[in-house]
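Everything on this sheet refers to the single structure shown next.
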Amino acid sequence: ESGTLVMDPFETEGYYDYLMVGSARLSGDDVTRPVAVTPDTAIEWTSDASDEQKGWRMCWEPPPAPTPPPPPSVWTVEREVGVGCRTTERCAFSPNYPNNYGPNEDCVFSVNESGTLVMDPFETEGYYDYLMVGSARLSGDDVTRPVAVTPDTAIEWTSDDHVEQKGWRMCWEPPPAPTPMPTPPPPPSVWTVEREVGVGCRTTERCAFSPNYPNNYGPNEDCVFSV
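Each residue of the sequence shown is one higher than the last, beginning at 1 in full-length UniProt numbering.
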(Lines of atoms letter the chains of each structure in order from A; the text may use other names.)
(Lines give C-alpha, C1' and ligand atoms only; values in the text may rest on other atoms or scores of the structure.)
Protein backbone atom coordinates (compact mmCIF):
# COMPACT_ATOMS: atom_id res chain seq x y z
CA GLU A 1 0.00 0.00 0.00
CA SER A 2 1.07 3.57 -0.49
CA GLY A 3 2.46 5.30 2.57
CA THR A 4 5.68 6.59 4.13
CA LEU A 5 8.83 4.75 5.24
CA VAL A 6 10.50 5.94 8.44
CA MET A 7 14.05 4.75 9.23
CA ASP A 8 14.95 4.63 12.94
CA PRO A 9 17.71 3.72 13.57
CA PHE A 10 19.81 3.83 10.39
CA GLU A 11 23.49 2.97 10.84
CA THR A 12 25.40 1.74 7.77
CA GLU A 13 28.84 2.08 6.22
CA GLY A 14 28.63 5.37 4.38
CA TYR A 15 28.39 5.14 0.60
CA TYR A 16 29.32 1.44 0.35
CA ASP A 17 26.32 -0.04 2.16
CA TYR A 18 23.06 1.54 1.08
CA LEU A 19 19.31 1.26 0.86
CA MET A 20 17.66 2.28 -2.40
CA VAL A 21 14.06 3.49 -2.06
CA GLY A 22 13.00 4.40 -5.55
CA SER A 23 15.63 6.91 -6.69
CA ALA A 24 16.66 7.82 -3.10
CA ARG A 25 20.00 6.30 -2.02
CA LEU A 26 20.14 6.13 1.79
CA SER A 27 23.52 5.47 3.39
CA GLY A 28 25.58 6.36 6.46
CA ASP A 29 23.89 7.30 9.71
CA ASP A 30 22.13 10.56 8.99
CA VAL A 31 18.88 9.35 7.45
CA THR A 32 16.03 11.08 9.26
CA ARG A 33 13.61 12.11 6.55
CA PRO A 34 10.62 9.89 5.80
CA VAL A 35 10.33 8.61 2.24
CA ALA A 36 7.02 8.31 0.38
CA VAL A 37 6.39 4.96 -1.34
CA THR A 38 3.76 3.29 -3.50
CA PRO A 39 3.32 -0.36 -4.52
CA ASP A 40 5.46 0.47 -7.60
CA THR A 41 8.45 1.78 -5.59
CA ALA A 42 11.56 -0.42 -5.89
CA ILE A 43 13.25 -0.95 -2.49
CA GLU A 44 16.67 -2.67 -2.30
CA TRP A 45 19.35 -3.10 0.38
CA THR A 46 22.99 -3.75 -0.59
CA SER A 47 26.15 -4.17 1.54
CA ASP A 48 29.74 -4.63 0.39
CA ALA A 49 32.38 -7.10 1.58
CA SER A 50 33.62 -5.19 4.66
CA ASP A 51 32.80 -2.93 7.62
CA GLU A 52 29.43 -4.21 8.82
CA GLN A 53 27.38 -1.96 11.12
CA LYS A 54 24.16 -2.14 13.13
CA GLY A 55 21.85 -1.58 10.16
CA TRP A 56 18.39 -0.17 10.17
CA ARG A 57 14.75 -0.54 11.06
CA MET A 58 12.38 0.65 8.34
CA CYS A 59 8.69 1.06 9.22
CA TRP A 60 5.78 1.75 6.92
CA GLU A 61 3.21 4.32 8.04
CA PRO A 62 -0.14 4.91 6.36
CA PRO A 63 -0.85 8.22 4.63
CA PRO A 64 -2.64 10.78 6.81
CA ALA A 65 -6.38 10.44 6.85
CA PRO A 66 -8.06 12.97 4.56
CA THR A 67 -9.68 15.91 6.28
CA PRO A 68 -13.43 15.30 6.25
CA PRO A 69 -15.42 17.87 4.30
CA PRO A 70 -17.35 20.40 6.37
CA PRO A 71 -20.97 19.47 7.00
CA PRO A 72 -23.39 20.92 4.47
CA SER A 73 -24.79 24.33 5.27
CA VAL A 74 -28.46 24.94 5.94
CA TRP A 75 -27.95 28.18 3.98
CA THR A 76 -27.97 28.85 0.24
CA VAL A 77 -26.61 32.20 -0.99
CA GLU A 78 -28.81 33.11 -3.95
CA ARG A 79 -27.10 36.39 -4.89
CA GLU A 80 -24.22 38.59 -3.70
CA VAL A 81 -23.12 42.12 -4.52
CA GLY A 82 -19.85 43.31 -2.97
CA VAL A 83 -17.69 41.24 -0.62
CA GLY A 84 -20.36 38.60 -0.15
CA CYS A 85 -21.86 36.93 2.91
CA ARG A 86 -20.03 33.98 4.46
CA THR A 87 -21.95 30.96 5.72
CA THR A 88 -21.14 27.97 7.91
CA GLU A 89 -23.21 24.90 8.74
CA ARG A 90 -25.83 26.90 10.64
CA CYS A 91 -24.82 30.58 10.57
CA ALA A 92 -24.66 33.40 8.01
CA PHE A 93 -22.59 36.56 8.45
CA SER A 94 -22.75 40.10 7.13
CA PRO A 95 -19.98 40.96 4.64
CA ASN A 96 -16.50 41.16 6.24
CA TYR A 97 -17.85 40.12 9.69
CA PRO A 98 -16.62 40.61 12.45
CA ASN A 99 -15.20 43.76 10.82
CA ASN A 100 -17.47 46.44 9.40
CA TYR A 101 -19.52 45.66 6.32
CA GLY A 102 -19.05 47.84 3.25
CA PRO A 103 -21.26 50.26 1.30
CA ASN A 104 -23.79 49.23 -1.34
CA GLU A 105 -23.71 45.54 -0.49
CA ASP A 106 -26.46 43.04 -1.06
CA CYS A 107 -26.93 39.37 -0.16
CA VAL A 108 -29.95 37.18 -0.82
CA PHE A 109 -30.30 33.93 1.14
CA SER A 110 -32.61 31.02 1.63
CA VAL A 111 -32.64 28.24 4.22
CA ASN A 112 -33.04 24.59 3.31
CA GLU A 113 -35.07 23.65 6.40
CA SER A 114 -37.70 25.32 8.54
CA GLY A 115 -36.50 26.69 11.87
CA THR A 116 -35.75 29.91 13.73
CA LEU A 117 -33.16 32.63 13.04
CA VAL A 118 -31.39 34.18 16.02
CA MET A 119 -29.38 37.40 15.48
CA ASP A 120 -26.47 37.95 17.88
CA PRO A 121 -24.92 40.48 17.53
CA PHE A 122 -26.87 42.84 15.29
CA GLU A 123 -25.30 46.28 14.75
CA THR A 124 -26.34 48.23 11.65
CA GLU A 125 -27.10 51.81 10.62
CA GLY A 126 -30.70 52.29 11.68
CA TYR A 127 -33.27 52.34 8.87
CA TYR A 128 -30.73 52.67 6.01
CA ASP A 129 -28.95 49.30 6.38
CA TYR A 130 -31.37 46.46 6.97
CA LEU A 131 -32.04 42.74 6.86
CA MET A 132 -35.36 41.61 5.43
CA VAL A 133 -36.58 38.24 6.74
CA GLY A 134 -39.86 37.66 5.01
CA SER A 135 -41.92 40.75 5.86
CA ALA A 136 -39.81 41.63 8.94
CA ARG A 137 -37.40 44.54 8.40
CA LEU A 138 -34.54 44.32 10.92
CA SER A 139 -32.35 47.39 11.36
CA GLY A 140 -30.42 49.31 14.02
CA ASP A 141 -29.00 47.51 17.03
CA ASP A 142 -32.00 46.31 19.02
CA VAL A 143 -32.88 43.09 17.24
CA THR A 144 -33.23 40.37 19.86
CA ARG A 145 -36.32 38.43 18.93
CA PRO A 146 -35.92 35.18 16.96
CA VAL A 147 -37.65 34.98 13.59
CA ALA A 148 -39.34 31.85 12.24
CA VAL A 149 -38.38 30.85 8.68
CA THR A 150 -39.18 28.19 6.10
CA PRO A 151 -37.45 27.31 2.81
CA ASP A 152 -39.85 29.76 1.12
CA THR A 153 -38.85 32.74 3.31
CA ALA A 154 -37.03 35.50 1.37
CA ILE A 155 -33.97 36.76 3.28
CA GLU A 156 -32.01 39.78 1.98
CA TRP A 157 -29.32 42.09 3.39
CA THR A 158 -28.87 45.60 1.98
CA SER A 159 -26.49 48.43 2.96
CA ASP A 160 -26.50 51.99 1.61
CA ASP A 161 -23.51 54.08 0.52
CA HIS A 162 -22.33 55.38 3.93
CA VAL A 163 -22.06 54.69 7.71
CA GLU A 164 -20.85 51.10 7.83
CA GLN A 165 -21.05 49.21 11.13
CA LYS A 166 -20.07 45.80 12.55
CA GLY A 167 -23.03 43.95 11.08
CA TRP A 168 -24.52 40.69 12.26
CA ARG A 169 -24.31 36.98 12.81
CA MET A 170 -27.53 35.14 12.04
CA CYS A 171 -27.80 31.50 13.15
CA TRP A 172 -30.46 28.96 12.24
CA GLU A 173 -31.87 26.79 14.99
CA PRO A 174 -34.05 23.73 14.39
CA PRO A 175 -37.65 23.71 15.58
CA PRO A 176 -38.10 22.36 19.12
CA ALA A 177 -38.43 18.62 19.41
CA PRO A 178 -42.01 17.44 19.83
CA THR A 179 -43.11 16.76 23.40
CA PRO A 180 -42.73 13.04 24.05
CA MET A 181 -45.90 11.08 24.57
CA PRO A 182 -46.66 10.39 28.24
CA THR A 183 -45.85 6.92 29.50
CA PRO A 184 -49.01 4.87 29.12
CA PRO A 185 -50.47 3.45 32.34
CA PRO A 186 -49.85 -0.23 32.97
CA PRO A 187 -52.45 -2.49 31.38
CA PRO A 188 -55.24 -3.65 33.68
CA SER A 189 -54.64 -6.86 35.56
CA VAL A 190 -56.58 -10.03 34.81
CA TRP A 191 -56.59 -10.55 38.58
CA THR A 192 -58.93 -9.18 41.23
CA VAL A 193 -57.89 -9.43 44.87
CA GLU A 194 -61.12 -10.08 46.77
CA ARG A 195 -59.64 -10.16 50.27
CA GLU A 196 -56.23 -9.77 51.92
CA VAL A 197 -54.98 -10.43 55.42
CA GLY A 198 -51.42 -9.39 56.23
CA VAL A 199 -49.01 -7.85 53.74
CA GLY A 200 -51.24 -8.64 50.79
CA CYS A 201 -50.68 -10.29 47.43
CA ARG A 202 -49.29 -8.19 44.59
CA THR A 203 -50.60 -8.59 41.03
CA THR A 204 -49.48 -7.48 37.57
CA GLU A 205 -51.21 -7.74 34.22
CA ARG A 206 -51.08 -11.54 34.19
CA CYS A 207 -49.37 -12.68 37.39
CA ALA A 208 -50.12 -12.84 41.11
CA PHE A 209 -47.49 -13.20 43.83
CA SER A 210 -47.42 -14.52 47.33
CA PRO A 211 -47.03 -11.87 50.03
CA ASN A 212 -43.61 -10.19 50.10
CA TYR A 213 -42.42 -12.17 47.01
CA PRO A 214 -39.52 -12.75 46.11
CA ASN A 215 -38.75 -12.58 49.85
CA ASN A 216 -40.38 -14.95 52.31
CA TYR A 217 -44.12 -14.59 52.95
CA GLY A 218 -45.23 -14.02 56.54
CA PRO A 219 -47.33 -15.91 59.08
CA ASN A 220 -51.11 -15.91 59.27
CA GLU A 221 -51.63 -14.35 55.83
CA ASP A 222 -54.59 -14.84 53.57
CA CYS A 223 -55.42 -13.73 49.99
CA VAL A 224 -58.58 -14.43 48.01
CA PHE A 225 -58.44 -13.88 44.20
CA SER A 226 -60.61 -14.09 41.14
CA VAL A 227 -59.70 -13.81 37.45
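Idealized CB from N, CA, C, for every residue including glycine.
Everything numeric in this text was worked out from a predicted model, so none of it was measured.
Proximal residues to Val35 (C-beta, below 6 Å), its chain only, five neighbours per side dropped: So the qualifying residues of the chain are Leu5, Val21 and Ala24.
Contacts around Tyr16, its chain only, beta-carbon distance under 6 Å, and the 5 residues preceding and following it disregarded: Excluding sequence neighbours, Tyr16 sits near Asp48.
Closest by C-alpha distance to Gly140, when choosing among Tyr128, Gly14 and Cys207: Sorting Tyr128, Gly14 and Cys207 by C-alpha distance to the C-alpha of Gly140 places Tyr128 at the top.
Contact under 8 Å by Cβ, residue 243 with Trp172: What is shown of the chain runs 1 to 227, which leaves residue 243 out entirely.
Status (buried if at least 16 other CB within 10 Å, exposed otherwise) for Phe109: By the neighbour-count rule (16 or more Cβ atoms within 10 Å), Phe109 is buried.
Distance between beta carbons of Cys201 and Val193, contact taken as under 8 Å: Confirmed, about 6 Å.
Residue interval of the beta strand (DSSP E) (run including Trp191): Note, Trp191: premise wrong, no beta strand (DSSP E); not H, not E.
Straight-line gap, Pro151 to Leu131 (C-alpha atoms, nearest Å): Distance from the CA of Pro151 to the CA of Leu131, rounded to the nearest whole angstrom, comes to 17 Å.
Beta-carbon gap between Glu89 and Pro70 smaller than 8 Å: Between Glu89 and Pro70, the C-beta spacing is below 8 Å.
Residue span of the beta strand (DSSP E) that contains Phe209, given as start and end: Where Phe209 is concerned, there is no enclosing beta strand (DSSP E), because DSSP gives it neither an H nor an E.
Among Val31, Thr116, Thr158 and Tyr217, nearest to Ala126 - alpha-carbon criterion: The identity of residue 126 in the sequence shown is Gly, whereas the question assumes Ala. It is Thr158.
Rounded separation between Val37 and Pro62 - CA only: Distance from the CA atom of Val37 to the CA atom of Pro62, rounded to whole angstroms, is 10 Å.
Neighbourhood of Ala136 by C-beta distance below 7 Å, restricted to the same chain and skipping five residues each side: The residues are Val147.
Supposed close pair Asn100, Glu164 - CB separation, criterion 8 Å: Sure, about 4 Å apart at Cβ, within 8 Å.
Backbone secondary structure at Pro72 - three-state DSSP: Looking at Pro72 - three-state DSSP - the assignment turns out to be coil, as it is neither helix nor strand.
Tyr217 - DSSP class collapsed to helix/strand/coil: DSSP places Tyr217 in the coil class of the three-state scheme, outside both helix and strand.
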